[in-house]
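Residue numbers (my numbering), protein chains in the order written: chain A, 648 to 842; chain B, -13 to 222.
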Amino acid sequence: MVRRRLSDDPEVLLHAARRGDREALEALLRSVHGRVLAVCQRMLRDPLDAADCTQEALVRIVRGIDGFDGRSSFSTWCHRVAATTALDEIRRRGRRPMTVPETTTEPASSTTSPEDSVITTDAMRDIGDVLATLPEEFRQAVVLSDVADLDYPTIATLLEIPVGTVKSRVARGRTMLRERIGNHGDGGRRRMGEE
Amino acid sequence: MDERPIDDGSDIEPLPDEILAELRAVPVDELARERAIIAALAEAPRTTRRAASPLPLASAAAAVVLLAGGAVLLSARSGDDADLAIEQQVAMEADTAEAVAADPAADQPAESASREIDDEAAEELTTTSEEFDAEETESAAMDEVLTAEADDVMIDPEGAIVPEELLDEAFAALSAIQAGELDPPDTDCVMIGGGPVAVTRFRGVEVVLFLDLANATVTALSVEDCSFVVDLRADS
């Protein structure tokens, strides 16, 4: 199978993809797939939903690539598309957030509020489980800010809330995440260090 | 829920890099990834083509072979015509030579002219034949190139393909079909819920692969009699 060498430069790939070069387009999609999946996974939590969300986001990226105006980086634009797709999915299904996943964590202590709950079980597999314990609005704010790398005004637009509220939620979400990881003790830190 | 604005956001403490890295790293299901990319690429305009795909090259080579074949036929026809013309010329000039031969004084030159004409005709026939042979050889070489390229793309001549490779081959073929680079194989076999994407060889049997995207399964049926050969599930 003949394979030509493609540039690693996203700008070059983008230019080529817009001219109809399918290999360049495929390379672009592969380059953003991981983060798109991460956005979907952290937003939706369910792996199957995340896979569907990722596929839909990539489709939207291809459909909209000619309309990409270059005001942000291509990757940031893709992350925004992924975030929009995930939020659409959340809204479409009318989900209520589940602050604690059933599978890998024990219920929060009855002496603590859900918001302040601390993961204390070794069954916690990764940071995704800790993140899942955050209230939905804080989790979404953290994911959009720190996984999707979106700026506050963009997040505000997506979530349809004031920018000040976005900042508040991001700050609170990060604080809760740090605390819960820290309170989890060496186990959580050690696991992250290992990975 | 406490949503007090903290500040303007400029001094919001960022997450440590290791936590950020962990947040951004999620396990990737390779099959789901390929499926997503294939689905996305299918949305690209059909007019676009891969710049360095071997399949267009094969198509171009096929066109060359067709042209070469046509040229060979034309050449053969031309050769026949040339032969006819030469024979007519030989006959005509032989008549002339015979007429000249009636003149005893012209006997020697007439024989010489007749020999020259015969030699010329023989040489032209030889040249035509050599050109025909050369073009036929070129055509055969092209056929070999085409066959080799087709084998590279679709068929393992040894039949030493492992089941997992059928999955890869089926998805690759689907991708090529969706990209407009490859036509679905022409087959009489039918599978409910799956479409034919490729013909290949599996354990010595020529099979047609049916891909069922909804169930992520690939079924191989014998090309010869559409009998079941193997069924593979992508996530198994």
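Don't be surprised by glycine CBs; every beta carbon is placed ideally from N, CA and C.
Of all residues in the stretch 692 to 718 of chain A, only 694, 697, 698, 701, 702, 705, 706, 708, 709, 710 place a beta-carbon less than 8 Å from a beta-carbon of chain B.
Note that the C-beta distance between residue 686/A and residue 790/A is below 8 Å.
Residue contact check for residue 689/A against chain B: a CB pair falls below 8 Å. Taking all protein chains in view, the Cβ of residue 182/B is crowded by 16 or more other Cβ atoms within 10 Å, so the residue is classified as buried. Taking one beta carbon from each stretch, the stretch 779 to 789 of chain A and the stretch 694 to 710 of chain A have fewer than 3 pairs nearer than 8 Å; the two do not touch. Contact check between the stretch 722 to 734 of chain A and the stretch 789 to 807 of chain A: three or more CB pairs, one atom from each, fall below 8 Å, which counts as touching. If you draw a straight line from the Cα of residue 714/A to the Cα of residue 664/A, it is about 13 Å long. Across the stretch 655 to 676 of chain A, CB contacts with chain B closer than 9 Å involve 663, 664, 666, 667, 668, 669, 670, 671, 672, 673, 676, in sequence order along the chain. Within chain A, the C-beta atoms nearer than 8 Å to that of residue 5/B come from 774, 824, 825, 828, 839, in chain order.
Inter-residue distance for residue 214/B and residue 168/B is about 24 Å (C-alpha atoms, whole angstroms). Per DSSP, residue 686/A is one residue of the alpha helix (DSSP H) stretching across 669 to 691. Going by C-alpha positions, residue 704/A is about 8 Å away from residue 725/A. Membership of residue 775/A in the alpha helix (DSSP H) is indicated by the continuous run 774 to 779. Going by C-alpha positions, residue 796/A is about 11 Å away from residue 720/A. Taking 8 Å as the upper bound for CB-CB distance, residue 679/A and residue 722/A are in contact here, some 6 Å apart.
Within the stretch 787 to 812 of chain A, those residues whose Cβ lies closer than 7 Å to any Cβ of chain B are, in chain order, 793, 794, 799, 811, 812. Contact residues of the stretch 728 to 742 of chain A toward chain B are absent (C-beta to C-beta distance below 7 Å). In the structure shown, residue 792/A falls within a helical segment according to DSSP collapsed to helix, strand and coil. Among the CB atoms of chain A, none fall inside 8 Å of the CB of residue 187/B. Under the DSSP definition of a beta bridge, residue 188/B partners with 191/B. Contacts between residue 685/A and chain B, judged by CB atoms closer than 8 Å, involve 9, 10, 11, 12 in chain order. Residue pairing of residue 196/B in beta bridges, as defined by DSSP: 182/B, 205/B. Taken in chain order, the whole alpha helix (DSSP H) runs of length 4 or more contained in the stretch 791 to 820 of chain A are 799 to 806.
One Cα belongs to residue 2/B, the other to residue 696/A, and the distance between them is close to 28 Å. In the DSSP secondary-structure assignment, residue 216/B is bridged to 206/B. Taking a Cβ-Cβ threshold of 7 Å, the residues of chain A close to residue -1/B are 821, in chain order. When secondary structure is reduced to three states using DSSP, residue 719/A falls in the coil class, being assigned neither helix nor strand.
For residue 3/B, the enclosing alpha helix (DSSP H) stretches over residues 3 to 10.
The Cβ neighbour count for residue 818/A, taken over all protein chains shown within 10 Å, is at least 16; the residue is labelled buried.
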